[in-house]
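As structure tokens, the structure follows; a few thoughts come after it.
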Ligand SMILES: [Zn+2]
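Numbering (the working numbering), first residue to last: 3 to 678.
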């Protein structure tokens, strides 16, 4: 049987692929990649950068292409069969990955080259690649003695079990809570849509009447924001805040302590002072000291604004409802009311100005003005669904830059959210610059029989955001695929995406595309002004909240956790500088802080704010010279977008900006520098 995935292909051959092709393609791809690795290890010549590092970098390329086609489909156009294949091939892929990292012959060769790296006359990009390959082994224990290697494996096995259990407990706690409402008055204030959803939920859970509230976000968030009933808000808030913190069989306190200690032990085994030192070695922020000083500097500067906003909210709640002491369960409710009073801005007013086609046209125009890119919609590119739009992208001299796929609307087989991905990375080999195939996938409001697709403002900024990631991929211009495009340090990857969002707030940019879908009238400036102001509403309080999570994360990972015995007590200390609301003894953040104890954010939570500082500082440069200034845009393209992960991001950033990023631009944009 001929298999289109095993033939050489440039554009992903979607229309020829049948589900039955995937598994055999993966098996053959892994076999071929293994053979390529064996060719490296069995090579009897002296190991060199070319015959080892470069050969390793370019091994498994067919497997990578098969994987990207398959896993992109599993996200954007999946079905039960594809999901079943995913479950079968995922363990095979991770086993193959482990076989490489545990391959001692391969490591010995890499280490030989690494040890002479000063004498090899390598380019900066080659040094980065060598470093990256070496560390992918050393950070997994390749340099350790046998008994320490064994301990490292034990730690990894135990940690992954604990992380799994942590997540299961949080999920079980979330699902366990159900509040059945039978008196409609208890739902006063809730929008009709949220009420209907609650009634639907009650029915689906076998209740004959009434409404059901749960701790899932779609139920919990609107309730906390709109429901008048303060006692019920309190009940839900405490239930939400005490997940896995009740001293029963679903409690996560012991697990949190164990995970923190195992991480510390693993880091020290590998020669790092703490887990945070281990993680931050591969981040723009570099050290825990820098993260702490970053968080504390922002805290010091944002706190006065946060306190002012909190006072305003307290006064407002007192005024409206005679609330004497504002509690956690009052925050979103009164914030929403105050926001409505101050801005009276709703999506329906804005949506007519953001017809999807106009916004796409707008983001292309922005890319054209900044980087000279031309997007040509074409119909001869094979696609996985008829809704997908396809483009060939050229530069000013008509050089081919990239293929761009755009898939905008929800479908049953698409997961939620919005993301950028690629079907093929950019790289250079044998003198040829191979251009990338980039894709944006979103879930925007679809068109109806009477109306075209009209986006909410939030969807507009999301489109610009994902397109920014897309530009990072499309403009990539590196030699090695693993350093190309968005393959950069974690706390740097959101710069190109977030910076693009800034154009959505600028008159000069909005005039290009924000036109009423019926009349063609450009969006009125007072609406734009309102969008801007409401975007920074209570930004001080929001900043403090993000900082408190970042500080809590660092408190668990930036020092030896051995002395911590009481999770809640530790947390109270970590939160001391960021509290606005009175503490509640029955709640605990750490026991449900999945980002850091289950997901991959440990010692990384700060990166949300870090990325905002970067994008605000970068955009301030554009603002200063003109938001379509060619010189600034060209610098951004040359020094940031095209360079991927070939150099330390701070070096790249400074080359673009002329200085390290400063927090001031963010404070300014967020309106936190205003006095009084
Ligand atoms: Zn992003």
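Ideal Cβ positions, reconstructed from N, Cα and C, are used throughout, including at glycine.
Is residue 646 closer than 8 angstroms to residue 486 when the C-beta atoms are compared? At a Cβ-Cβ threshold of 8 angstroms, residue 486 and residue 646 count as neighbours.
Which class does residue 493 belong to by DSSP, given the choice of helix, strand or coil? Three-state DSSP puts residue 493 in a helix.
With DSSP run on the structure shown, which of helix, strand or coil describes residue 232? Of the three classes helix, strand and coil, the one that applies to residue 232 here is helix, per DSSP.
Of the residues 597, 633, 638, the one placed nearest residue 617, counting alpha carbons only: Distances from the alpha-carbon of residue 617 to those of 597, 633, 638 put 638 closest.
If you draw a straight line from the C-alpha of residue 629 to the C-alpha of residue 512, how long is it? The alpha-carbon atoms of residue 629 and residue 512 are separated by roughly 12 angstroms.
Classify residue 449 as helix, strand or coil using the three-state DSSP reduction. Residue 449: coil per DSSP, three-state reduction.
Measure how close the beta-carbons of residue 226 and residue 232 come, nearest whole angstrom, since I'm counting them as under 8 angstroms. Wrong, their Cβ atoms sit about 11 angstroms apart, outside the cutoff.
Please identify the residue among 392, 174, 266, 317 whose C-alpha is closest to the C-alpha of residue 251. That would be 174, whose Cα lies nearest to the Cα of residue 251.
Do the segment 565-583 and the segment 533-553 meet, that is, are 3 or more Cβ pairs less than 8 angstroms apart? Cβ pair count under 8 angstroms is three or more, so yes.
Assigned exposure category for residue 223 - 16 Cβ within 10 Å defines buried: The residue is exposed, with fewer than 16 neighbouring Cβ atoms inside 10 Å.
At what residue ranges does the segment 508-572 contain a whole run of the alpha helix (DSSP H), taking only runs of 4 or more? Taking only runs of at least 4 residues, the alpha helix (DSSP H) segments lying wholly in the segment 508-572 are 509-515, 527-537, 541-559.
How many angstroms separate the CA atom of residue 46 from the CA atom of residue 54? If you take the alpha carbons of residue 46 and residue 54, they lie about 11 angstroms apart.
Return yes when the Cβ of residue 124 is within less than 8 angstroms of the Cβ of residue 51, no when it is not. Yes, the pair counts as a contact, with Cβ atoms nearer than the cut-off.
For the alpha helix (DSSP H) that contains residue 55, what are its first and last residues? For residue 55, there is no enclosing alpha helix (DSSP H), as DSSP gives it neither H nor E.
On the DSSP bridge assignment, give the partners of residue 182 in chain order. BP columns for residue 182 point to 214.
List the endpoints of the continuous beta strand (DSSP E) containing residue 393. 391-396 is the span of the beta strand (DSSP E), which, as asked, contains residue 393.
From the DSSP output, which residues share a beta bridge with residue 157? Residue 157 pairs with nothing; no bridge assigned.
Just to confirm, is the Cβ distance from residue 475 to residue 440 under 8 angstroms? Less than 8 angstroms divides the Cβ of residue 475 from the Cβ of residue 440.
Through-space distance from residue 16 to residue 24, alpha-carbon basis: Roughly 12 angstroms separates the two Cα atoms.
Does at least one heavy atom of ligand 1 sit under 7 angstroms from the Cβ of residue 467? Residue 467 has its CB nearer than 7 angstroms to a heavy atom of ligand 1.
Along the alpha helix (DSSP H) that carries residue 76, what are the first and last residues, could you check? Segment 63-78, the alpha helix (DSSP H) holding residue 76.
Do you know offhand how far residue 59's Cα is from residue 136's? Going by C-alpha positions, residue 59 is about 12 angstroms away from residue 136.
Return the Cβ separation of residue 406 and residue 444 in integer angstroms, given the expectation that the two are a contact with Cβ distance under 8 angstroms. Under the criterion of beta carbons closer than 8 angstroms, residue 406 and residue 444 do not qualify as touching, at roughly 13 angstroms.
For residue 276 versus residue 290, is the C-beta distance shorter than 8 angstroms? A contact, by the Cβ cut-off of 8 angstroms.
Environment of residue 324 [buried if 16+ CB atoms lie within 10 Å]: Exposed, since its Cβ has fewer than 16 Cβ neighbours within 10 Å.
Following the continuous beta strand (DSSP E) through residue 23, name the residue where it begins and the one where it ends. Counting along the chain, residue 23 falls outside any beta strand (DSSP E), and DSSP gives it neither H nor E.
Distance, residue 624 Cα to residue 655 Cα: For residue 655 and residue 624, the distance between alpha carbons rounds to 14 angstroms.
Among 357, 402, 669, 387, the one whose alpha carbon lies nearest that of residue 374: Residue nearest to residue 374 within the set 357, 402, 669, 387 is 402 (criterion: CA-CA distance).
Please find out if some non-hydrogen atom of ligand 1 comes closer than 7 angstroms to the beta-carbon of residue 83. For ligand 1, not one heavy atom lies less than 7 angstroms from the Cβ of residue 83.
With DSSP as the reference, identify every bridge partner of residue 435, one or two as the case may be. Within the DSSP bridge table, the entry for residue 435 names 430 as partners.
What did DSSP end up calling residue 376 once you bin it into helix, strand or coil? Annotated three-state conformation of residue 376 is strand, per DSSP.
Pairwise C-alpha distance: residue 509 and residue 172: Counting only the Cα atoms, residue 509 lies some 45 angstroms from residue 172.
Any heavy atom of ligand 1 within a distance shorter than 7 angstroms of the CB on residue 1? Given that the chain is displayed from residue 3 to residue 678, the structure contains no residue 1 and the question cannot be resolved.
Do residue 626 and residue 668 come within 8 angstroms of each other at the CB atom, strictly closer than that value? Contact: no.
Answer with yes or no whether the minimum CB distance from residue 137 to chain D is below 8 angstroms. Given the protein chain composition of this structure (a single chain), no chain D is represented.
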